[in-house]
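Student: Okay, handing you the structure first.
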Amino acid sequence: MSELVVDAGLQRRARTTTRRAARTFSLACRLLPAEVRQDVYLLYLVFRTLDDLVDDGPPAVARERVAAVEGWCDGRPARTTDETVVLDALAARHPLPRAALRDFCAGMRDDLDGWRPATEADVDRYCYRVAGTVGLVMAAVLGTDDPDAAAAACSLGMAMQRTNILRDIDEDEAAGRRYLSADAVARHGAPVPGRRAGLLAEQIARADTLYDEGLRGVRHLRRGRPAIRAAAGMYREILRQLEREGLGERPGRAVVSPGRKVRSALHTVATRR
496 MSELVVDAGL QRRARTTTRR AARTFSLACR LLPAEVRQDV YLLYLVFRTL DDLVDDGPPA
556 VARERVAAVE GWCDGRPART TDETVVLDAL AARHPLPRAA LRDFCAGMRD DLDGWRPATE
616 ADVDRYCYRV AGTVGLVMAA VLGTDDPDAA AAACSLGMAM QRTNILRDID EDEAAGRRYL
676 SADAVARHGA PVPGRRAGLL AEQIARADTL YDEGLRGVRH LRRGRPAIRA AAGMYREILR
736 QLEREGLGER PGRAVVSPGR KVRSALHTVA TRR
């Protein structure tokens with residue numbers, strides 16, 4: 496297959512979007528080999544653009560752009576968008592798992608439909624759709640030498656999404672969104688500041704299990720192992736920050752200092768188990 500080239504403007508937008516919207520991930524990307532770093536930026540642009548449209552864009556536009564990617568995944572003629580142009584170029588260089596990208600789109604539709612989870616299995620399914628799939632596609636770009644690597648990449652993506660959910664509880668509640676299961680809320684009560692320590696402790700334990708599963712598979716990646724370990728370490732530190740701050744004792748996001756992020760990244764890269 497002849498190589499497709501993404502124009503320079505789109506490549507610049509991919510880099511700047513990653514650095515602006517994903518500062519932690521952007522730091523980890525500096526550890527990626529040069530031959531795949533730009534492709535990872537482009538991949539992030541696809542996921543980030545759809546996610547931002549679903550969260551903040553006109554619903555009709557968001558549905559059109561999601562539908563275009565769904566059409567690309569299914570091999571059907573579809574409207575050409577920046578996302579499909581990027582996916583065409585990446586698919587010419589890497590074995591992108593189209594089924595995983597299709598599942599990501601299903602997660603975007605969950606958000607568009609105002610879905611809320613009833614059970615922890617519902618939360619897991621959502622986390623797979625919007626983030627486990629990202630891990631699967633990343634693994635395809637970085638390359639793997641073991642079939643277990645895909646499952647581990649999926650677990651790592653899900654761990655990061657569960658971390659997002661816990662970090663953003665108050666922000667999501669203010670926007671009328673809730674990604675905590677109704678079952679968990681029934682067990683522990685509403686997730687209000689000062690009265691959610693039990694809920695957060697339970698949910699942090701679930702995320703930590705997924706991090707452990709994901710990190711065990713990083714060794715099977717052909718490229719980018721230090722970058723993925725660093726990203727996992729920095730993201731996981733958000734859970735530790737929630738614990739340091741009293742498990743939701745006060746409202747707002749848990750923010751990890753840059754120095755602590757770097758120390759977490761270095762520790763996780765060095766702990767190559």
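Per the working numbering: the sequence shown ends with 768, consecutive numbering throughout.
The C-beta atom is built at its ideal place from N, Cα and C for all residues, glycine as well.
Fair warning: this is a prediction, and the values are worked out from it, not measured in the lab.
(1) Report the option in P553, D569 and L716 whose CA atom is closest to the CA atom of D643.
(2) Could you tell me which of P721, L734, R711 and A722 sits nearest to Q698, measuring between CA atoms?
(3) Between Y623 and C649, how many whole angstroms is the CB-CB distance? I'm expecting something under 8 Å.
(4) Please determine if the stretch 556–571 and the stretch 528–539 are in contact, where contact requires at least 3 C-beta pairs separated by less than 8 Å.
(5) Which stretch, first to last residue, makes up the alpha helix (DSSP H) that contains D502?
(6) Specify the secondary structure class of L538 as computed by DSSP and reduced to three states.
(7) Select from L505, T511, L522 and G552 the residue whose C-alpha is nearest the C-alpha of A727.
(8) Cβ atoms of V549 and A555: under 7 Å apart, would you say?
(9) Would you say the stretch 627–637 touches the stretch 604–611, given that touching needs at least three Cβ pairs under 8 Å?
(10) For V564, report the span of its alpha helix (DSSP H) as first-last.
(11) Could you have a look at L716 and say whether DSSP puts it in helix, strand or coil?
(12) If we require 4 or more residues per run, which alpha helix (DSSP H) segments fall completely within the stretch 589–671?
(13) Quick check: V625 and S676, are their CB atoms within less than 7 Å of each other?
(14) If you reduce the DSSP assignment to three classes, tell me which class G684 lands in.
(15) What does the Cβ neighbour count give for E666, buried or exposed, with the cut at 16 atoms within 10 Å?
(16) Do you know how far the Cα of D534 is from the Cα of P592?
(17) Excluding the 5 residues preceding and the 5 following R690 in the sequence, name in chain order all residues of the same chain whose CB lies nearer than 7 Å to its CB.
(18) Tell whether a beta-carbon distance below 7 Å holds between L661 and R718.
(19) Going straight from the alpha carbon of M653 to that of G504, what length do you get?
(20) Quick one: using the 10 Å Cβ neighbour count with 16 as the cut-off for buried, is P746 buried or exposed?
Tutor: Taking the definition as stated:
(1) Here the closest residue by C-alpha is L716.
(2) L734
(3) 7 Å
(4) These segments do not touch.
(5) Note, D502: premise wrong, no alpha helix (DSSP H); not H, not E.
(6) helix
(7) For the residues L505, T511, L522 and G552, the minimum Cα distance to A727 belongs to L522.
(8) no
(9) no
(10) P554 to D569
(11) strand
(12) 593–607, 615–622, 628–637, 643–662 and 664–669
(13) no
(14) Reduced to three states, the DSSP call for G684 is coil.
(15) exposed
(16) 15 Å
(17) G684
(18) no
(19) M653 and G504: Cα-Cα distance of roughly 31 Å.
(20) exposed
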